[in-house]
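No gaps in the numbering here: position 103 of the sequence shown is 144 in the numbering used here, and each next residue is one more. Notes follow once the structure below has been shown.
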Amino acid sequence: ATEHPAVLVTCRDPDGRDNIITLGWVGVVCSAPPMVGIAIRPGRHSHPMIVASGEFGVNVPSADQARQVDHCGIASGRDEDKFRVTGLTRLPGVAIRTPLVAECPINLECVVRQRLSLGTHDLFLGEVLAVRVSESAMTGSRIDAGKVSPLAYAPEAHEYRALGELLGT
42 ATEHPAVLVT
52 CRDPDGRDNI
62 ITLGWVGVVC
72 SAPPMVGIAI
82 RPGRHSHPMI
92 VASGEFGVNV
102 PSADQARQVD
112 HCGIASGRDE
122 DKFRVTGLTR
132 LPGVAIRTPL
142 VAECPINLEC
152 VVRQRLSLGT
162 HDLFLGEVLA
172 VRVSESAMTG
182 SRIDAGKVSP
192 LAYAPEAHEY
202 RALGELLGT
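Dropping the structure here:
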């Protein structure tokens with residue numbers, strides 16, 4: 042089965058309403074300037090929020106947050122406040138107005154630099170303006186994937202998997 046990283050993307054509409062969407066089509070697309078790409082269907086509640094605000098947060102959850110990640114992927118922000126329902130905490134950004142997820146060990150604050158309509162999904166290319174990494178995710182001065190224990194989602198099997206086991210150097 043094909044597995045994709047599973048992240049929580051946060052967004053805020055012009056009226057100050059927040060949302061969290063679970064995305065699996067996410068990745069680093071450039072190192073200088075640092076940029077990530079996220080793919081979202083235009084019909085999803087978060088899509089017009091990101092178009093209007095021009096920004097989003099990428100929050101990397103740990104394996105112990107799989108239930109919250111799954112809920113944010115199946116429930117609609119049109120119907121509920123996902124922060125409230127999941128018990129996740131809004132963390133103010135330093136470079137964007139959109140809140141981040143405090144419980145996630147890694148948070149990226151992004152501003153949209155380009156949007157490409159590709160068919161079923163639009164690809165948002167976001168420049169990373171700020172990064173927050175919790176102390177618990179660090180070993181010395183580096184991010185420790187084993188401590189983060191990020192998630193991957195296998196859509197064909199409808200299952201989440203933890204990543205981070207060291208296989209060699």
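Think of the CB as a built atom: it goes at the ideal place given N, C-alpha and C, for glycine as much as any other residue.
Between the Cα of residue i and those of the options, spot the shortest distance and give me the residue it belongs to.
{"i": "serine 175", "options": "Val169, Pro146, Arg119, Ser158", "result": "Pro146"}
{"i": "valine 135", "options": "Leu170, Val48, Ala104, Glu200", "result": "Leu170"}
{"i": "valine 101", "options": "Asp59, Ala198, Ile184, Glu200", "result": "Ile184"}
{"i": "aspartate 56", "options": "Ile115, Thr139, Ser177, Asp120", "result": "Thr139"}
{"i": "valine 48", "options": "Arg85, Val110, Val152", "result": "Val110"}
{"i": "proline 74", "options": "Gly187, Ala186, Leu159, Leu166", "result": "Leu166"}
If we ignore side chains and look at the alpha-carbon of each, how far apart do residue i and residue j end up?
{"i": "valine 70", "j": "arginine 202", "result": "23 Å"}
{"i": "arginine 189", "j": "alanine 93", "result": "The amino acid at residue 189 is misidentified as arginine; the sequence shows valine. Cα to Cα, the separation comes out at about 32 Å."}
{"i": "valine 77", "j": "glycine 95", "result": "14 Å"}
{"i": "proline 89", "j": "phenylalanine 97", "result": "12 Å"}
{"i": "arginine 53", "j": "serine 87", "result": "8 Å"}
{"i": "glycine 114", "j": "isoleucine 62", "result": "6 Å"}
{"i": "alanine 107", "j": "threonine 43", "result": "18 Å"}
{"i": "glutamate 200", "j": "tyrosine 194", "result": "6 Å"}
{"i": "glutamate 144", "j": "glycine 118", "result": "19 Å"}
{"i": "glycine 181", "j": "leucine 208", "result": "20 Å"}
{"i": "glutamine 155", "j": "alanine 198", "result": "32 Å"}
{"i": "leucine 204", "j": "arginine 125", "result": "27 Å"}
{"i": "isoleucine 137", "j": "histidine 162", "result": "24 Å"}
Using DSSP's beta-bridge definition, name the partner residues of residue i.
{"i": "arginine 119", "result": "DSSP, once it has assigned bridges, lists no residue as partnering arginine 119."}
{"i": "isoleucine 62", "result": "Val50"}
{"i": "proline 140", "result": "In DSSP, proline 140 forms no bridge with anything."}
{"i": "glutamate 150", "result": "Gly98, Ala171"}
{"i": "leucine 129", "result": "None, per the DSSP bridge assignment."}
{"i": "valine 67", "result": "Ile79"}
Write down the C-beta distance between residue i and residue j rounded to the nearest angstrom, noting that I regard them as a contact closer than 8 Å.
{"i": "proline 196", "j": "glycine 65", "result": "7 Å"}
{"i": "leucine 149", "j": "valine 142", "result": "No, leucine 149 and valine 142 are not in contact; Cβ-Cβ is about 11 Å, not under 8 Å."}
{"i": "alanine 104", "j": "leucine 164", "result": "27 Å between Cβ atoms; not a contact."}
{"i": "proline 46", "j": "valine 67", "result": "6 Å"}
4-residue-minimum alpha helix (DSSP H) runs that sit fully inside the segment 71-125, ordered along the chain: Listed in chain order, they are 87-94, 107-115.
Complete runs of the beta strand (DSSP E) confined to the segment 152-209 [at least 3 residues]: 163-174, 192-195, 200-203
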